[in-house]
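Visitor:
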Amino acid sequence: RRFAPRGRAGGRHPSGDPSSGGRTESGRQPVPGTSTAGARAARPSLTSISSGELRSLWTCDCELALLPLAQLLRLQPGAFQLRGDQLVVPGPAEPAAARGGFNVFSDGLVRLDGQLCRLSSYIRRYVELTNYCDYKDYRETILSKPMLFFINVQTQKDASKERTYAFLVNTRHPKIRRQLEQGMDMVISSVIGESYRLQFDFQEAVKNFFPPGNKVVNGENLSFAYEFKADALFDFFYWFGLSNSTVKVNGKVLNLSSTSPEKKETIKLFLEKMSEPLIRRSSFSDRKFSVTSRGSIDEVFNCSLSPRSSLAELLLTELPFPCVLESEETPNQFI
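Note that UniProt numbering gives residue 182 to position 182 of the sequence shown, counting from 1, and the numbers run on in steps of one.
Rendered as structure tokens:
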């Protein structure tokens, strides 16, 4: 099954104009970061991508993304709100969470361009699971929405100042989802009935994105882990640390930083499309074609940036569990 753009963003144009989807004379979509002559491009930088390239992308085409946190707050006021020293993120029981959003992975604090803020709701970067139900809920929760991590970067121009970025992981992209699911499946098959610890790390992908001279201060924030503790009587491999595994997730990082009002509006629509509620289907036939979604699963991944009422009306119902979710106010349903 191929999740590729269908060419709705624009027809083929012999001049390769960005408004036509950025296609060259041959009709092929040029690979971002490479020239039409096939020469290898320089190291990715913080320069903004063209609006034509961004408009030609759909949710499935974005694997990883980076943008300043301050810009994300302005573009997604429904998902994030800064109130004093608190960064408010809608919890699972709030109506805003049902409309989509992001799974924020953190330790509870974020430094927004020098200002220390507390998070109202987040998923801990390290959790302990003791039974299959907890594992199943955790797995469904982290894959239900795009992941979001906070990092601070020191630039070469002024090392004394740090800029806060939001790192997004598109869990619906086949390449990213495959790495996450295979990592969890393989560790289970190798330690049947035993305890284990699994960590997912995105540091390498992010560090390769920034040009030389820029330093990621808190790179450890670009990882999360869970530990499954079984009730095995003799768990020698776990005791000696032989059941610890790390999956280094890699992918192309898309730069969503821009100062152009036109590009900001496009990025806003792009983020809303990425964080749309995930439609769950109970069987293979439902996943292949669903009457309620009025199309195939391909259209869910490869939909255009224009809003679709059929997708917006079908909201995702999540059942998170209290050991994973951190919130200042525990909903009544969790008590």
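Think of the CB as a built atom: it goes at the ideal place given N, C-alpha and C, for glycine as much as any other residue.
Where do the N-terminal and C-terminal ends of the alpha helix (DSSP H) with V187 fall, by residue?
Guide: Note, V187: alpha helix (DSSP H), 174-190.
Visitor: How is the beta strand (DSSP E) around C117 delimited, first residue to last?
Guide: Residues 115-119.
Visitor: Work out the CA separation of K136 and I176 for me, nearest whole Å.
Guide: Whole-angstrom Cα-Cα distance: 19 Å.
Visitor: Using the C-alpha atoms, what's the distance from F167 back to K229?
Guide: About 30 Å.
Visitor: So who's on the other strand from V216, going by DSSP bridges?
Guide: Beta-bridge pairing links V216 to V153.
Visitor: Hey, V253 and L112: beta-carbon distance below 9 Å or not?
Guide: No.
Visitor: If you draw a straight line from the alpha carbon of V247 to that of E227, how long is it in whole angstroms?
Guide: In a straight line, the C-alpha of V247 is about 14 Å away from that of E227.
Visitor: For my contact list, A79 and F105 are in at a C-beta cut-off of 8 Å; report their separation, rounded to the angstrom.
Guide: 15 Å between Cβ atoms; not a contact.
Visitor: How far does the alpha helix (DSSP H) with T171 in it reach, from first residue to last?
Guide: Here T171 belongs to no alpha helix (DSSP H), and DSSP marks it neither H nor E.
Visitor: Tell whether a beta-carbon distance below 9 Å holds between T164 and K145.
Guide: Not a contact, by the Cβ cut-off of 9 Å.
Visitor: Could you check the C-alpha separation between I123 and K263 for me, to the nearest Å?
Guide: Straight-line Cα distance between these residues: approximately 31 Å.
Visitor: Assuming N208 contacts F149 (C-beta within less than 8 Å), just tell me the rounded distance between them.
Guide: Not a contact, Cβ separation roughly 16 Å.
Visitor: Does the distance from the C-beta atom of G219 to that of E162 stay below 9 Å?
Guide: In this structure, E162 does not lie closer than 9 Å to G219 by Cβ.
Visitor: What does the alpha-carbon distance come out to for the pair Q156 and N255?
Guide: Whole-angstrom Cα-Cα distance: 19 Å.
Visitor: Answer yes or no: do L75 and C117 have a C-beta to C-beta separation smaller than 9 Å?
Guide: Their beta carbons are not under 9 Å apart, which means L75 does not touch C117 by this criterion.
Visitor: Going by CA-CA distance only, name the one from V153, D134, K273 that's closest to P211.
Guide: Closest option to P211, Cα to Cα, is V153.
Visitor: Using C-beta distances below 6 Å, list every residue in its chain close to N250, excluding the 5 sequence neighbours before and after it, in chain order.
Guide: Closer than 6 Å at the Cβ level, and outside the excluded window around N250, lie A205.
Visitor: Helix, strand or coil for K248, going by three-state DSSP, please let me know.
Guide: Of the three classes helix, strand and coil, the one that applies to K248 here is strand, per DSSP.
Visitor: So for E276, helix, strand or coil by DSSP?
Guide: Coil.
Visitor: Quick check on the DSSP output: the alpha helix (DSSP H) that includes E204 runs from which residue to which?
Guide: From DSSP, the alpha helix (DSSP H) with E204 extends over 203-209.
Visitor: Is it buried or exposed for C133, if we count other Cβ within 10 angstroms and need 16 for buried?
Guide: So C133 ends up on the exposed side.
Visitor: Going by other Cβ atoms of all chains shown within 10 Å of its Cβ, with 16 needed for buried, is M186 buried or exposed?
Guide: Under this definition M186 is an exposed residue.
Visitor: Within the continuous alpha helix (DSSP H) that includes A159, where are the two ends?
Guide: Careful: A159 lies outside any alpha helix (DSSP H) and carries neither H nor E.
Visitor: CB-CB under 7 Å to S243, same chain, minus the five flanking residues each way: which ones, in chain order?
Guide: Closer than 7 Å at the Cβ level, and outside the excluded window around S243, lie V191, E194, S195, Y196, R197, F237.
Visitor: So, with DSSP's three-state summary, where would you put Q71?
Guide: Note: Q71 maps to helix in three-state DSSP.
Visitor: In the DSSP output, which residue or residues are listed as bridge partners for F102?
Guide: Note: F102 sits in no beta bridge, so no partner.
Visitor: For C62, I'd like the list of residues in its chain whose CB is within less than 6 Å of its CB, leaving aside the five on either flank, ordered along the chain.
Guide: Excluding positions up to five away in sequence, the list reads N170, L254.
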